[in-house]
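Novice: Those letters in the sequence shown? Residues 530 to 863, by our numbering. Just so it is clear, CB atoms sit at the ideal spot from N, CA and C, and this is done for glycine as well.
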Amino acid sequence: MIRSGITTINDIWYEPEGLAEAAEAAGLRAQIALKLFDVKLEELYANRYERVATEGEERLRRGVDFVEKYAASKSGLVTGRIGPHATDTCSPELHIEACAEASRLGVGLHTHVAQSKQEVEYCQSTYNKGPAEFLADLDVLSHRSVLAHLTFASDIDLDLITQSKARYAHCPTIYPRRGVYPDLQGIQDRRIVTGIATDWMMNDPFEAMRNAMNAVRLLSGRHDALTSLDAIKLATIGSAKVMGIEDQVGSLAIGKRADLIQLDLQRPHLQPFYAEYSSLAYYARASDVVCSVIDGRLVLEGDCILGWMSLTFLTESRNTCLFGFGPVLKRHGG
530 MIRSGITTIN
540 DIWYEPEGLA
550 EAAEAAGLRA
560 QIALKLFDVK
570 LEELYANRYE
580 RVATEGEERL
590 RRGVDFVEKY
600 AASKSGLVTG
610 RIGPHATDTC
620 SPELHIEACA
630 EASRLGVGLH
640 THVAQSKQEV
650 EYCQSTYNKG
660 PAEFLADLDV
670 LSHRSVLAHL
680 TFASDIDLDL
690 ITQSKARYAH
700 CPTIYPRRGV
710 YPDLQGIQDR
720 RIVTGIATDW
730 MMNDPFEAMR
740 NAMNAVRLLS
750 GRHDALTSLD
760 AIKLATIGSA
770 KVMGIEDQVG
780 SLAIGKRADL
790 IQLDLQRPHL
800 QPFYAEYSSL
810 AYYARASDVV
820 CSVIDGRLVL
830 EGDCILGWMS
840 LTFLTESRNT
850 CLFGFGPVLK
860 RHGG
């Protein structure tokens with residue numbers, strides 16, 4: 530991610546501790562949540578929802594422990610969130626308990642909403658509500674909620690999200706691969722705070738900007754529906770607003786954290802470099818990033834991530850990823 534020009538991430542995962550250790554070692558700013566659920570995930574492919582309350586309770590306890598641990602982090606780069614995975618994979622009780630703990634801890638929520646047709650159908654058949662309508666009725670939506678996807682959100686869902694002031698993480702690279710695209714134009718027309726996200730392993734922010742522009746323009750039939758400057762704003766200050774840290778990052782201003790990236794503008798595919806915003810949004814690639822400064826600290830120079838021995842780390846972490854990053858980090862001073 531650092532090599533791609535990303536300076537801050539917001540992630541929800543099974544093993545947040547390993548990710549947090551890796552982020553701190555590399556100098557990457559991160560908001561991280563443990564993925565909460567109280568169903569047997571392996572049964573969802575067969576559309577079976579078997580609730581396991583003890584699983585949800587245990588994961589919530591671990592999630593709270595993680596948030597409390599990193600509230601006292603010396604680096605200040607890593608902070609925690611509470612992460613109820615999705616509207617269908619968490620029971621109403623787990624959503625309510627997760628929201629209560631997030632409020633007590635003073636942190637936000639991270640949830641997948643209207644990501645799949647199956648999720649929407651489950652909410653409609655079980656609660657007679659859309660996914661966001663379900664969350665709104667539980668009173669768990671607020672300006673501290675990060676909602677990912679909204680692919681199948683209805684107008685009612687979007688109106689309720691607008692009222693709650695919840696924030697939207699838009700992942701434009703994954704949607705076309707699934708043959709569907711959220712109503713980004715409608716979401717922006719409602720003034721829902723929106724930022725561009727990459728979704729898991731697709732960590733090229735420039736590709737994400739292009740995909741967003743291409744999709745919105747194709748769907749609207751307008752060449753100016755999402756400008757290159759608009760896309761860049763969504764990937765920078767927009768994403769900072771989604772995470773609730775726009776007073777710290779997302780733009781260059783006196784008093785904000787010093788987060789900077791440098792691109793090699795002499796690459797052949799960037800020639801002729803005739804307009805900053807359009808050239809970056811249309812043609813730049815993650816591999817063009819040659820320098821990154823996060824929180825005033827140089828973390829990437831050329832091909833070297835300065836926090837750890839990059840090439841060796843990547844080789845070993847690939848072989849040990851199923852067991853967490855801890856063993857690798859310990860060997861490389863993390």
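Return the chain-ordered list of same chain residues with a C-beta closer than 7 Å to the C-beta of Arg-796, the five sequence neighbours on each side being excluded.
Specialist: Your numbering for residue 796 matches position 267 in the sequence shown. If we look at Arg-796 and ignore the five residues flanking it on each side, its Cβ neighbours are Asp-817.
Novice: Starting from the Cα of Cys-700, find the closest Cα among Asp-594, Asn-740, Lys-694 and Asp-666 and give me that residue.
Specialist: The residue given as residue 700 occupies position 171 in the sequence shown. When only C-alpha atoms are compared, the closest one is Asn-740.
Novice: Between the beta-carbon of Ile-774 and the beta-carbon of Thr-536, is there less than 8 Å?
Specialist: Along the sequence shown, one-based indexing puts residue 774 at 245. Along the sequence shown, one-based indexing puts residue 536 at 7. Not in contact: Ile-774 and Thr-536 (Cβ atoms no closer than 8 Å).
Novice: Out of curiosity, what's the CA-to-CA distance linking Leu-799 and Val-819?
Specialist: Your numbering for residue 799 matches position 270 in the sequence shown. Your numbering for residue 819 matches position 290 in the sequence shown. Cα-Cα distance, rounded: 14 Å.
Novice: When you compare each of Phe-681, Ile-561, Met-738 and Ile-783 to Pro-545 by their alpha carbons, which one comes out closest?
Specialist: As a position in the sequence shown, residue 545 is number 16, starting the count at 1. For the residues Phe-681, Ile-561, Met-738 and Ile-783, the minimum Cα distance to Pro-545 belongs to Ile-561.
Novice: Is it the case that the stretch 596 to 606 contacts the stretch 642 to 655, given that we only count it when at least three CB pairs across the two stretches are under 8 Å?
Specialist: Taking 8 Å as the limit for Cβ pairs, the verdict is that the stretch 596 to 606 does not touch the stretch 642 to 655.
Novice: Drop a sphere of 10 angstroms on the beta-carbon of Thr-655, count the other beta-carbons inside from all chains shown, and report buried for 16 or more, exposed for fewer.
Specialist: In the sequence shown, counting from the first residue as 1, residue 655 sits at position 126. Flag for Thr-655 reads exposed.
Novice: What separation, rounded to the nearest whole angstrom, lies between the Cα atoms of Ala-813 and Thr-702?
Specialist: For the purposes of this step, residue 813 is identified with residue 284 of the sequence shown, where counting begins at 1. For the purposes of this step, residue 702 is identified with residue 173 of the sequence shown, where counting begins at 1. So the alpha carbons of these two residues sit roughly 15 Å apart.
Novice: Nearest-angstrom Cα distance between Leu-809 and Pro-734?
Specialist: As a first step, residue 809 is located in the sequence shown; it is residue number 280 there, counting from the start. As a first step, residue 734 is located in the sequence shown; it is residue number 205 there, counting from the start. Their backbone Cα atoms lie some 11 Å apart in a straight line.
Novice: Tell me whether Asn-657 is buried or exposed, calling it buried when 16 or more other Cβ atoms sit within 10 Å of its Cβ.
Specialist: Along the sequence shown, one-based indexing puts residue 657 at 128. Classification of Asn-657: exposed, given that the 10 Å Cβ count is below 16.
Novice: So, at 8 Å on beta carbons, what are the nonlocal neighbours of Gly-659 in its own chain, with the 5 sequence-adjacent residues on each side left out?
Specialist: Along the sequence shown, read from residue 1 onward, the residue named residue 659 stands at position 130. Ala-643, Val-649, Cys-652, Gln-653, Ala-682, Ser-683, Ile-685 and Asp-686.
Novice: Indicate whether Leu-667 and His-624 have their beta-carbon atoms separated by less than 8 Å.
Specialist: Here residue 667 is taken as the residue at index 138 of the sequence shown, counted from 1. Here residue 624 is taken as the residue at index 95 of the sequence shown, counted from 1. For Leu-667 and His-624, yes; Cβs fall inside 8 Å.
Novice: With distances taken Cα to Cα, identify the nearest neighbour of Cys-628 among Cys-833, Lys-598, Arg-590 and Leu-606.
Specialist: Translated into the one-based positions of the sequence shown, residue 628 becomes position 99. Measuring from the Cα of Cys-628, the nearest candidate turns out to be Arg-590.
Novice: Would the stretch 670 to 677 and the stretch 688 to 700 be scored as touching if the rule is three or more Cβ pairs under 8 Å?
Specialist: Judged by Cβ distances under 8 Å, the stretch 670 to 677 makes contact with the stretch 688 to 700, as three or more pairs qualify.
Novice: Please state if the CB of Arg-720 and the CB of Thr-691 are separated by a distance shorter than 8 Å.
Specialist: The sequence position of residue 691 within the sequence shown is 162, counting from 1. The sequence position of residue 720 within the sequence shown is 191, counting from 1. In contact: Thr-691 and Arg-720 (Cβ atoms closer than 8 Å).
Novice: Tell me whether Leu-809 sits in a helix, a strand or coil according to DSSP, three-state version.
Specialist: Numbered from its first residue, the sequence shown carries residue 809 at position 280. It is helical.
Novice: If you follow the beta strand (DSSP E) that Gln-560 is part of, which residue opens it and which one closes it?
Specialist: Taking the sequence shown and counting its residues from 1, the one referred to as residue 560 is at position 31. Element bounds for Gln-560: 558 to 565.
Novice: Can you check which of these residues, Ala-549, Arg-588 and Gly-556, is closest to Lys-564 by C-alpha distance?
Specialist: Locating residue 564 in the sequence shown gives position 35, where the first residue counts as 1. Comparing Cα positions, the closest option is Arg-588.
Novice: Out of curiosity, what's the CA-to-CA distance linking Lys-785 and Asp-617?
Specialist: Taking the sequence shown and counting its residues from 1, the one referred to as residue 785 is at position 256. Taking the sequence shown and counting its residues from 1, the one referred to as residue 617 is at position 88. Taking the straight line from one Cα to the other gives about 38 Å.
Novice: Please state the DSSP three-state secondary structure of Glu-830.
Specialist: Working through the sequence shown from its first residue, we reach residue 830 at position 301. Strand, per DSSP.
Novice: Have a look at the DSSP bridge pairing and note the partners of Arg-591.
Specialist: On the sequence shown, position 62 is the one that residue 591 refers to. BP columns for Arg-591 are empty, so no partner.
Novice: Taking His-752 as part of the alpha helix (DSSP H), name the residues at either end of that continuous run.
Specialist: If you number the sequence shown from 1, residue 752 lands on position 223. Element bounds for His-752: n/a, residue is neither H nor E.
Novice: If you drop the 5 nearest sequence neighbours on each side, which residues of the same chain put their C-beta closer than 7 Å to that of Gly-893?
Specialist: A query on residue 893 cannot be resolved here, the shown segment of the chain reaching from 530 to 863 and no further.
Novice: So Ser-768 packs on Tyr-806, CB below 8 Å; how close in whole Å?
Specialist: Position 239 of the sequence shown holds residue 768. Position 277 of the sequence shown holds residue 806. Wrong, their Cβ atoms sit about 17 Å apart, outside the cutoff.
Novice: What whole-angstrom Cβ distance do Asn-732 and Ala-815 have, given they're in contact under 8 Å?
Specialist: For this step, residue 732 is matched to residue 203 along the sequence shown. For this step, residue 815 is matched to residue 286 along the sequence shown. Going by Cβ atoms, the distance from Asn-732 to Ala-815 rounds to 7 Å, so yes, they are a contact pair.
Novice: Rounding to the nearest angstrom, what Cα-Cα distance links Ser-645 and Val-771 in this structure?
Specialist: Counting from 1 along the sequence shown, the entry for residue 645 is found at position 116. Counting from 1 along the sequence shown, the entry for residue 771 is found at position 242. Cα-Cα distance, rounded: 22 Å.
Novice: To the nearest angstrom, how far is the alpha carbon of Pro-801 from that of Asp-793?
Specialist: Position 272 of the sequence shown, counted from the start, is the residue given in the question as residue 801. Position 264 of the sequence shown, counted from the start, is the residue given in the question as residue 793. Cα to Cα, the separation comes out at about 13 Å.
Novice: In chain order, what residues of the same chain lie with their CB nearer than 6 Å to the CB of Ile-790, ignoring the 5 residues before and after it?
Specialist: For this step, residue 790 is matched to residue 261 along the sequence shown. For Ile-790, where only same-chain residues beyond five positions count, the Cβ hits under 6 Å are Gly-534, Val-818 and Ser-821.
Novice: Taking DSSP's pairing of strands, which residues face Trp-542 in a bridge?
Specialist: Numbered from 1 along the sequence shown, position 13 holds the residue referred to as residue 542. Per DSSP, Leu-563.
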